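When we follow the working numbering, the leftmost residue of the sequence shown carries the number 9, and every step to the right adds one.
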Amino acid sequence: MTRVLVTIGTDHQPFDRLIGWVDDFLAVRQDMADQVLVQHGQTAPASRAKNRAFFPFDELNALMASSDVVITHGGPGTIFEARAQGRLPLCVPRDPDLGEIVDGHQQRFARRLAADSLVLLAEDQQTFERLLTAALAQPEIVRIPQDDSRVRVTADRLDAYVTNVVMTGRSRWWRG
9 MTRVLVTIGT DHQPFDRLIG WVDDFLAVRQ DMADQVLVQH GQTAPASRAK NRAFFPFDEL
69 NALMASSDVV ITHGGPGTIF EARAQGRLPL CVPRDPDLGE IVDGHQQRFA RRLAADSLVL
129 LAEDQQTFER LLTAALAQPE IVRIPQDDSR VRVTADRLDA YVTNVVMTGR SRWWRG
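(1) When DSSP labels each residue in this structure, what does Leu128 get in the three-state scheme?
(2) Per the contact definition of three or more C-beta pairs closer than 8 angstroms, is the region 18-33 in contact with the region 133-150?
(3) Give the single residue among Gly112, Ile79 and Thr162 whose Cα lies nearest to the Cα of Arg11.
(4) Among Pro101, Pro147 and Thr162, which one has its Cα closest to the Cα of Asp24?
(5) Which value, in whole angstroms, describes the spacing of the CA atoms of Ile16 and His48?
(6) Could you compute how far the alpha carbon of Ala130 sits from the alpha carbon of Thr176?
(7) Can you list, in chain order, the residues of its chain whose CB lies under 8 angstroms from that of Glu89, leaving out five sequence neighbours each side?
(8) Return the first residue and the last residue of the alpha helix (DSSP H) that Arg116 is part of.
(9) Out of Val77, Gly107 and Pro104, state which residue places its alpha-carbon closest to the alpha-carbon of Gly94.
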């Protein structure tokens, strides 16, 4: 059984920091090692968890839906897929100062979502461990009700934006 799914995405740049935080957590919670599955991409696998480099899209979504906790990088697609699967993701955005990504877009995006309670944000290891411990103790705090209207509103706005770009060729964002 996978209780915790960690996905770092498909970026070619390593994300050793998050994998290290997972390993450090499992050094203390050794009883959980077989319940944590890490999608490690181009980064070296976790030493204390089950690992796989990549998952097909549908399999990753099924794992998100069946896991108690989903830990993600700060990529919009992954965050919103986790939310669509009914999980409030624990988000660790990649940091450009650590060579994890080319710029700070994941940090800015994740902070904005955290301000709206759309992710649990962990930018340091202490916060990561505190949030993960809380989520494991009370998995209901990271479950999103299927009727969460914010998800529907966001999906509708994104659909309208994409439709506008396709129809007009312009990518100017507007408020709807």
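C-beta: ideal position from N, C-alpha, C; glycine also.
All values derive from a computational prediction rather than experimental measurement.
On the basis of the supplied data:
(1) Leu128: strand per DSSP, three-state reduction.
(2) yes
(3) Ile79
(4) Pro101
(5) Cα to Cα, the separation comes out at about 6 angstroms.
(6) 38 angstroms
(7) Leu68, Asn69 and Met72
(8) Start and end: His113 to Ala123.
(9) Val77
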